[in-house]
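So for the sequence shown, the UniProt record's numbering puts the first residue at 1; every next one is plus one.
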Amino acid sequence: MMDIEVEHQLPVEKISATLAQNDRGEFRRVFLELHFYDQARLLIQLDEQQRGKVYRYLSAKELGDMFDELEVNEGNAIAYLKEMNPHQGAMVLSEMYTDNTVDMLSDATSSDLATYLNLLPSGEKNEVRKLLNYEDKTAGALMTTEYVAVSIDDSVGTAMQVIRRLARDAEIIYYVYVQDDAENLIGVVTLRELLSNDKRAMVREIMNPNVYSVFVDDDQADVAQTVREYNFLAMPVVNRAGHLLGIITVDDIIDVIDEESTEDYSGLAGVNVDDLEESPIMAAVHRLPWLITLLILGMSTATLINHFEGLVSEASILAVFISLITGTAGNAGTQSLAVAVRKISVENDRKMIQLIRNEVITGLLIGVVTAIVITVIVGIWKNNFVLGAVIGISMVAAIIVANLAGSLIPILMDKIGVDPAVASGPFISTLSDLTSVMIYFSIARIFLNYLI
1 MMDIEVEHQL
11 PVEKISATLA
21 QNDRGEFRRV
31 FLELHFYDQA
41 RLLIQLDEQQ
51 RGKVYRYLSA
61 KELGDMFDEL
71 EVNEGNAIAY
81 LKEMNPHQGA
91 MVLSEMYTDN
101 TVDMLSDATS
111 SDLATYLNLL
121 PSGEKNEVRK
131 LLNYEDKTAG
141 ALMTTEYVAV
151 SIDDSVGTAM
161 QVIRRLARDA
171 EIIYYVYVQD
181 DAENLIGVVT
191 LRELLSNDKR
201 AMVREIMNPN
211 VYSVFVDDDQ
221 ADVAQTVREY
231 NFLAMPVVNR
241 AGHLLGIITV
251 DDIIDVIDEE
261 STEDYSGLAG
271 VNVDDLEESP
281 IMAAVHRLPW
291 LITLLILGMS
301 TATLINHFEG
311 LVSEASILAV
321 FISLITGTAG
331 NAGTQSLAVA
341 VRKISVENDR
351 KMIQLIRNEV
361 ITGLLIGVVT
371 AIVITVIVGI
381 WKNNFVLGAV
391 IGISMVAAII
401 VANLAGSLIP
411 ILMDKIGVDP
421 AVASGPFIST
431 LSDLTSVMIY
441 FSIARIFLNY
451 LI
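Below is the structure:
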């Protein structure tokens with residue numbers, strides 16, 4: 001493991017030295033030995049003056065290969081592109097895969113976007129403009145138009161000629177898509193199948209007509225789930241008429257999965273964990289709405305405790321264990337919520353019912369075990385096993401309700417079109433506090449005579 005880490009250390013000092021010495025040859029030798037991903041990582045560690053030399057020492061094709069990875073590494077990749085003159089920047093964009101070009105230009109100002117589009121070759125400009133028009137977080141926004149497609153009437157030999165012609169620009173050539181005369185997607189054939197068949201064989205004879213595809217307006221999370229379930233390297237994108245528009249490759253799907261996971265985590269906490277450079281003022285502005293909402297909801301818990309003020313005054317020992325019960329139930333509800341949010345993204349409706357049942361049973365089991373433990377501890381500590389039993393019974397009921405809410409609420413939110421990861425987390429915590437206090441004091445009232 002240590003050898004791997006050392007092997008992937010970036011030669012920042014060596015590259016900096018070659019740039020300082022204006023040694024173009026040595027720079028190219030060292031830099032071009034790196035993987036494109038490592039080139040991108042190294043670039044962002046250099047200062048602007050050093051990067052200027054990098055742009056002069058590399059060709060547009062070499063810069064394009066690196067910028068394909070830079071877009072993944074650095075959300076503000078357009079800023080690095082603007083360090084070049086517009087003509088060189090447009091040449092680099094032209095060498096990048098179309099989907100990465102679109103991702104980069106989507107962060108550009110309207111003025112910069114117009115400049116780069118005007119400098120791109122007409123055909124590529126039209127493709128980029130078309131892709132920029134698709135709604136964000138949809139299949140259309142993810143797809144690339146650089147794929148290999150052949151006609152159903154082609155022979156294997158003709159199909160291989162098409163692959164050779166398009167291979168340099170295509171993002172993936174393992175899947176070769178088959179179209180009819182109207183350019184509708186009707187099948188798929190793999191490169192392996194083409195290579196293993198006689199060149200005189202017809203594509204229609206060896207293709208698989210049962211091709212999976214997604215619609216151009218499908219949500220990116222649904223697309224990612226489909227690719228993950230079927231282990232595809234790429235997914236064709238069609239319009240409602242079945243016309244092949246582009247493909248989404250697995251590297252973009254990995255980015256989507258990472259993005260969705262980050263959003264889910266952010267939602268559970270009510271914050272944006274992705275923006276590491278957010279200023280304290282903006283962080284406060286983004287977090288305050290959630291906190292103020294929860295503050296208002298939390299007043300209901302305070303009001304409820306005030307409602308039981310008489311009970312607490314008669315048995316003041318009850319107040320000691322409020323936070324214990326609410327905290328334990330809240331933790332259980334959050335665990336259930338995390339499971340539910342994950343399941344919602346990968347399971348069907350039938351399994352959602354099973355999820356709710358499992359979480360309730362899990363809550364019962366956890367509640368019983370914690371109830372036994374807390375009953376014994378409180379009984380010995382306070383020499384009052386009735387008090388321990390009250391807390392234990394309350395714990396069982398509160399955890400079951402918290403688990404039920406943690407699994408049911410995100411499912412209901414998903415049904416009404418609200419992102420469960422964004423809306424559920426803080427809400428579950430507050431709701432758990434409210435129900436736990438109500439359960440605790442209601443049970444305590446029943447056993448009041450044994451507590452005073």
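C-beta: ideal position from N, C-alpha, C; glycine also.
8 Å Cβ cutoff met for residue 400 and residue 371: Looking up residue 400 in the sequence shown gives position 400. Looking up residue 371 in the sequence shown gives position 371. Against a cut-off of 8 Å, the Cβ pair of residue 371 and residue 400 comes out as no contact.
Beta-carbon proximity check, residue 142 vs residue 169, cutoff 8 Å: Here the question's residue 142 lines up with position 142 in the sequence shown. Here the question's residue 169 lines up with position 169 in the sequence shown. No; because the gap between Cβ atoms is not below 8 Å, this pair is not in contact.
Neighbourhood of residue 429 by C-beta distance below 8 Å, restricted to the same chain and skipping five residues each side: Working through the sequence shown from its first residue, we reach residue 429 at position 429. Only 294, 330, 333, 334 meet the Cβ criterion.
Every unbroken alpha helix (DSSP H) within the stretch 26-64, with a cutoff of 4 residues, ordered by chain: Counting whole runs of 4 or more residues, the stretch 26-64 contains the alpha helix (DSSP H) stretches 36-43, 48-57.
Alpha-carbon to alpha-carbon, residue 97 and residue 109: Start at 1 with the first residue of the sequence shown, and residue 109 comes out as number 109. Start at 1 with the first residue of the sequence shown, and residue 97 comes out as number 97. If you take the alpha carbons of residue 109 and residue 97, they lie about 21 Å apart.
Alpha-carbon spacing of residue 37 relative to residue 435, whole angstroms: Taking the sequence shown and counting its residues from 1, one reaches residue 37 at position 37. Taking the sequence shown and counting its residues from 1, one reaches residue 435 at position 435. Looking at the backbone, the Cα of residue 37 and that of residue 435 are separated by about 51 Å.
DSSP state of residue 248 mapped onto helix, strand, coil: The count along the sequence shown starts at 1 and reaches residue 248 at position 248. Residue 248 falls in the strand class under three-state DSSP.
Enclosing alpha helix (DSSP H) for residue 230 [first to last residue]: For the purposes of this step, residue 230 is taken as residue 230 along the sequence shown, with counting starting at 1. Its alpha helix (DSSP H) spans residues 220-230.
Range of the contiguous beta strand (DSSP E) that encloses residue 21: By 1-based counting over the sequence shown, the position of residue 21 is 21. Counting along the chain, residue 21 falls outside any beta strand (DSSP E), and DSSP gives it neither H nor E.
Beta carbon of residue 177 nearer than 8 Å to that of residue 162: One-based indexing of the sequence shown puts residue 177 at position 177. One-based indexing of the sequence shown puts residue 162 at position 162. Contact flag unset, no.
Beta carbon of residue 139 nearer than 8 Å to that of residue 237: Residue 139 sits at position 139 when you count from the first residue of the sequence shown. Residue 237 sits at position 237 when you count from the first residue of the sequence shown. Contact: yes.
Distance CB(residue 85)-CB(residue 107) smaller than 8 Å: As a position in the sequence shown, residue 85 is number 85, starting the count at 1. As a position in the sequence shown, residue 107 is number 107, starting the count at 1. For residue 85 and residue 107, no; Cβs fall outside 8 Å.
Helix, strand or coil at residue 10 [DSSP, three-state]: For the purposes of this step, residue 10 is taken as residue 10 along the sequence shown, with counting starting at 1. Three-state result, residue 10: coil.
Under 8 Å between C-beta atoms of residue 92 and residue 64: To locate residue 92, count along the sequence shown from 1; it is residue 92. To locate residue 64, count along the sequence shown from 1; it is residue 64. In this structure, residue 64 lies closer than 8 Å to residue 92 by Cβ.
Neighbourhood of residue 362 by C-beta, 8 Å cutoff - its chain only, sequence neighbours within 5 removed: Translated into positions along the sequence shown, residue 362 becomes position 362. Answer for residue 362: 336, 403, listed in chain order.
Same chain, Cβ closer than 7 Å to residue 40, neighbours up to 5 away in sequence not counted: In the sequence shown, the residue the question calls residue 40 occupies position 40. Once the five neighbours on either side are set aside, the close Cβ partners of residue 40 are 66, 69, 70, 73.
Residue 186 - containing alpha helix (DSSP H), residue span: Start at 1 with the first residue of the sequence shown, and residue 186 comes out as number 186. Counting along the chain, residue 186 falls outside any alpha helix (DSSP H), though it belongs to the beta strand (DSSP E) covering 185-190.
Close beta carbons around residue 368, own chain, < 8 Å, minus the five adjacent residues each side: One-based indexing of the sequence shown puts residue 368 at position 368. Only 396 meet the Cβ criterion.
Residue from 125, 205, 240 with nearest C-alpha to residue 216: Translated into the one-based positions of the sequence shown, residue 216 becomes position 216. Taking only the C-alpha atoms, the option nearest residue 216 is 240.
Limits of the beta strand (DSSP E) - the one that residue 235 falls within: For this step, residue 235 is matched to residue 235 along the sequence shown. Per DSSP, residue 235 belongs to the beta strand (DSSP E) from 234-238.
Distance, residue 13 Cα to residue 6 Cα: On the sequence shown, residue 6 is found 6 positions in, with the first residue counted as 1. On the sequence shown, residue 13 is found 13 positions in, with the first residue counted as 1. Residue placement at residue 6 cannot be trusted, given a pLDDT of 39 that sits under 50; what the coordinates show is reported in the next sentence. The alpha-carbon atoms of residue 6 and residue 13 are separated by roughly 15 Å.
Runs of beta strand (DSSP E) lying entirely within the stretch 107-168, each at least 3 residues, in chain order: 149-151
DSSP three-state assignment for residue 455, whether helix, strand or coil: Any answer about residue 455 is impossible in this case: the structure gives the chain only from 1 up to 452.
Segment contact flag, the stretch 434-448 with the stretch 312-328, C-beta cutoff 8 Å, min 3 pairs: yes
Opposing strand residues paired with residue 454 [DSSP bridges]: Residue 454 is absent from the structure shown; the chain starts at 1 and stops at 452.
Whole-angstrom C-beta distance between residue 209 and residue 457, which should lie under 8 Å: This structure cannot speak to residue 457, because the chain is shown only from 1 to 452.
Buried versus exposed call for residue 374 [16 or more other C-beta atoms within 10 Å across all chains shown]: Locating residue 374 in the sequence shown gives position 374, where the first residue counts as 1. It is buried - the Cβ of residue 374 has at least 16 other Cβ atoms within 10 Å.
Residue environment, residue 135, which counts as buried when at least 16 other CB atoms sit within 10 Å: Residue mapping note: residue 135 aligns to position 135 of the sequence shown, counting from 1. Residue 135 is exposed by the Cβ-count criterion.
Reduced DSSP category for residue 427 - H, G, I as helix; E, B as strand; rest coil: For the purposes of this step, residue 427 is identified with residue 427 of the sequence shown, where counting begins at 1. Reduced to three states, the DSSP call for residue 427 is helix.
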